[in-house]
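Each residue of the sequence shown is one higher than the one before, counting from 1 in full-length UniProt numbering.
Glycine included, every Cβ here is placed at the ideal spot set by N, Cα and C.
Take a look at the structure set out below.
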Amino acid sequence: MASYFDEHDCELSDHEQETGFNMLLQLARSLSNMMDFEDLGLVVDWDHQLPPPAAKAVVENLPRTVISSSQADLKCPVCLLEFEEEETVIEMPCHHLFHSSCILPWLSKTNSCPLCRHELPTDDDGYEEHRRDQARKEQQQHRLENLHGAMYM
Numbered sequence: 001m002a003s004y005f006d007e008h009d010c011e012l013s014d015h016e017q018e019t020g021f022n023m024l025l026q027l028a029r030s031l032s033n034m035m036d037f038e039d040l041g042l043v044v045d046w047d048h049q050l051p052p053p054a055a056k057a058v059v060e061n062l063p064r065t066v067i068s069s070s071q072a073d074l075k076c077p078v079c080l081l082e083f084e085e086e087e088t089v090i091e092m093p094c095h096h097l098f099h100s101s102c103i104l105p106w107l108s109k110t111n112s113c114p115l116c117r118h119e120l121p122t123d124d125d126g127y128e129e130h131r132r133d134q135a136r137k138e139q140q141q142h143r144l145e146n147l148h149g150a151m152y153m
């Protein structure tokens with residue numbers, strides 16, 4: 001089926017092309033506003049999905065600590081075995097200590113401390129954006145609560 005312009009052997013003017021393009025953009029915007037991208041699987045709901053693994057560079061740079069005699073009675077929270085004196089273990093930013101054979105497989109699956117859930121950065125930009133959004137929402141909620149409380153003092 002030929003288009004109207006092909007049948008009549010004519011072309012659109014620049015103004016008509018621009019108008020048509022603008023109408024197409026408006027249509028695309030209205031469709032995108034009506035669509036639920038979560039239903040299409042284009043948006044990840046991080047509140048109901050496991051977080052991604054910890055960033056490889058962060059895991060590689062976690063500090064190694066040598067167990068002293070005063071720490072020898074501590075246990076690895078994963079395997080529950082006591083640390084040996086002079087043993088080298090990995091220390092998380094939350095200061096929890098783990099055997100490397102216990103924590104490294106864990107961090108290759110998720111980005112948090114298995115004991116306190118302190119989160120390490122990830123290599124997933126989408127998840128990092130979600131974390132920043134969550135922090136902004138919590139900060140905004142905190143400000144609203146403090147503002148509300150300050151109004152009635």
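Span of the alpha helix (DSSP H) around residue i
i: Ile103; result: 100–107
i: Asp60; result: The sequence given here has Glu at residue 60, not Asp. It spans 56–60 - the alpha helix (DSSP H) in which Glu60 sits, taken as one unbroken run.
Residue i versus residue j: straight-line alpha-carbon distance, rounded
i: Ser70; j: Cys79; result: 20 Å
i: Glu129; j: Cys76; result: 32 Å
i: Gln139; j: Arg131; result: 12 Å
i: Ser30; j: Leu24; result: 10 Å
i: Pro121; j: Gly20; result: 45 Å
i: Leu107; j: Val66; result: 20 Å
8 Å CB neighbourhood of residue i in its chain, flanking five on each side removed
i: Ala72; result: Glu82, Phe83, Glu84, Glu85
i: Ser68; result: Glu85
C-beta atoms of residue i and residue j nearer than 8 Å
i: Asp124; j: Lys56; result: no
i: Arg117; j: Thr88; result: no
i: Cys113; j: His96; result: yes
i: Leu104; j: Val59; result: yes
Close beta carbons around residue i, own chain, < 6 Å, minus the five adjacent residues each side
i: Met92; result: Cys113
Host beta strand (DSSP E) of residue i (start-end)
i: Val66; result: 64–66
i: Glu91; result: 88–91
Sequence-distant residues of the same chain with beta carbon closer than 7 Å to residue i, five excluded per side
i: Leu50; result: Thr110
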